[in-house]
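Let me begin by presenting the structure, written as structure tokens, before commenting on it.
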Amino acid sequence: MIKIFNLNDVISIKDFQKKDIEFILKEAENLEKVARSEETSEELAGKILGMMFFEPSTRTKLSFETAMKRLGGDCVGFVGSSVSSVSKGETLADTSKMFESYSDAIVIRHSLEGTAKFITDVVDVPVINAGDGAGQHPTQTLLDLYTIQRNFDKIKGLNVALIGDLKYGRTVHSLAQALGMFDAQMSFVSPNELKMPKEILHDLKKDNVKFYETNKIKDIIDEVDVLYVTRIQKERFPDEEEYKKIKGAYLIDHDLIKGKDLIVMHPLPRIDEIANDVDNTKYNKYFKQAFYGVPVRMAILKNIIRNKI
Ligand code: NCD
Numbered sequence: 000m001i002k003i004f005n006l007n008d009v010i011s012i013k014d015f016q017k018k019d020i021e022f023i024l025k026e027a028e029n030l031e032k033v034a035r036s037e038e039t040s041e042e043l044a045g046k047i048l049g050m051m052f053f054e055p056s057t058r059t060k061l062s063f064e065t066a067m068k069r070l071g072g073d074c075v076g077f078v079g080s081s082v083s084s085v086s087k088g089e090t091l092a093d094t095s096k097m098f099e100s101y102s103d104a105i106v107i108r109h110s111l112e113g114t115a116k117f118i119t120d121v122v123d124v125p126v127i128n129a130g131d132g133a134g135q136h137p138t139q140t141l142l143d144l145y146t147i148q149r150n151f152d153k154i155k156g157l158n159v160a161l162i163g164d165l166k167y168g169r170t171v172h173s174l175a176q177a178l179g180m181f182d183a184q185m186s187f188v189s190p191n192e193l194k195m196p197k198e199i200l201h202d203l204k205k206d207n208v209k210f211y212e213t214n215k216i217k218d219i220i221d222e223v224d225v226l227y228v229t230r231i232q233k234e235r236f237p238d239e240e241e242y243k244k245i246k247g248a249y250l251i252d253h254d255l256i257k258g259k260d261l262i263v264m265h266p267l268p269r270i271d272e273i274a275n276d277v278d279n280t281k282y283n284k285y286f287k288q289a290f291y292g293v294p295v296r297m298a299i300l301k302n303i304i305r306n307k308i
């Protein structure tokens, strides 16, 4: 078998080359029928995915679980450190070792940046980063790209606005780097306090990726193909008073977008940044985006677990 996908772990979107991403998106498309339960698969029969979620999760955890089960595999794990022996003082390294002996790959979400990378040095099974603090969320980015590609049949040349908490939002960090690889044009819309980190802007400039920064949606609304909206990440603010000053900074409602030729995406959960009156319109792609987490994560699991066989 020719190994097209050569990654052993999925830690940062920067570990991917464009061809790896394209390969996963293609695989995901082939797996959509299985994701929808219109076809069945036993490709990962007998395999177990270990899930270490130290932070809350709905979509990421459930779509990984669904993906694994639709491929004939199974999952073990926990959400919240209070239910594991970490609460008794067990180290992350020891807990990871246990997961290594019970499962064929590990998905980890943690509030500290660098945690997923850290455990790759501790275990021999593949590790997938499901979000490390304000760091990266590479599998979310793959499903975001998949959503864009499914909608427009291309990514190149599209104008994508990333809106909200660009400082602490890990989804937008990974996504900005990936969109750079695909020659999309980007606008970064945030309050001044929550701008895209300098290191990411620096990388984009180095790669000659064009982007525009503003704090006003009206500056970009007539130009964009995709409004990628994010939640202000309350839990990452060192000072809650700072959060209170900024919360509710943006609201995407039907009035703002009606008549425009664009789609609205959001990694979810949304709090108050997209009004419910967008839900039943053609602009709403955020629920579909959440479903696409299943075929995309199937593609990742299939290739990453198979790589080790
Ligand atoms: C995001 C996350 O956890 O980073 N959610 C997700 O995985 N779909 C976004 C968020 O929590 O705001």
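So the sequence shown is residues 0 to 308, counted in numbering that gives the first Met the number 0. All C-beta atoms in this analysis are idealised placements derived from N, C-alpha and C, irrespective of residue type, glycine included.
Tell me the rounded alpha-carbon separation between F77 and S62. 15 Å
Check whether the Cβ of Q309 lies closer than 6 Å to any heavy atom of the ligand NCD, and answer yes or no.
This structure cannot settle anything about residue 309, because the visible part of the chain is limited to 0 through 308.
**Asked** In its own chain, which residues sit with a C-beta less than 6 Å from the C-beta of F22, not counting the 5 before and 5 after it?
**Response** Here the set comprises I3, F4.
Checklist entry - Is the beta carbon of R230 within less than 6 Å of some heavy atom of the ligand NCD? => result yes
key: beta strand (DSSP E) segments (min. 3 residues) lying fully within the stretch 13–91   = 47–52, 73–78
Legend entry - H136, enclosing beta strand (DSSP E) - first and last residue: If you look at H136, you'll find it isn't in any beta strand (DSSP E); DSSP assigns it neither H nor E.
message = Shorter than 6 Å, the distance from the beta carbon of T347 to the closest heavy atom of the ligand NCD, or not?
response = The structure shown has nothing for residue 347, since the chain only spans 0 to 308.
Start and end residues, alpha helix (DSSP H) containing E192:
Per DSSP, E192 belongs to no alpha helix (DSSP H) and is neither H nor E.
If you follow the alpha helix (DSSP H) that Q176 is in, where does it begin and where does it stop? 169–180
Practice prompt. Grab me the residues of P266's own chain with a C-beta within less than 6 Å of its C-beta, minus the 5 sequence neighbours each way, in chain order.
Written response: Exclusion of the five residues before and after P266 leaves Q139, T170 as the residues of its chain whose Cβ lies within less than 6 Å of its Cβ.
Quiz item: DSSP state of T94, grouped into three classes?
Solution: helix
Check your understanding: Quick one, are the C-beta atoms of L48 and S102 less than 7 Å apart?
Key -> yes
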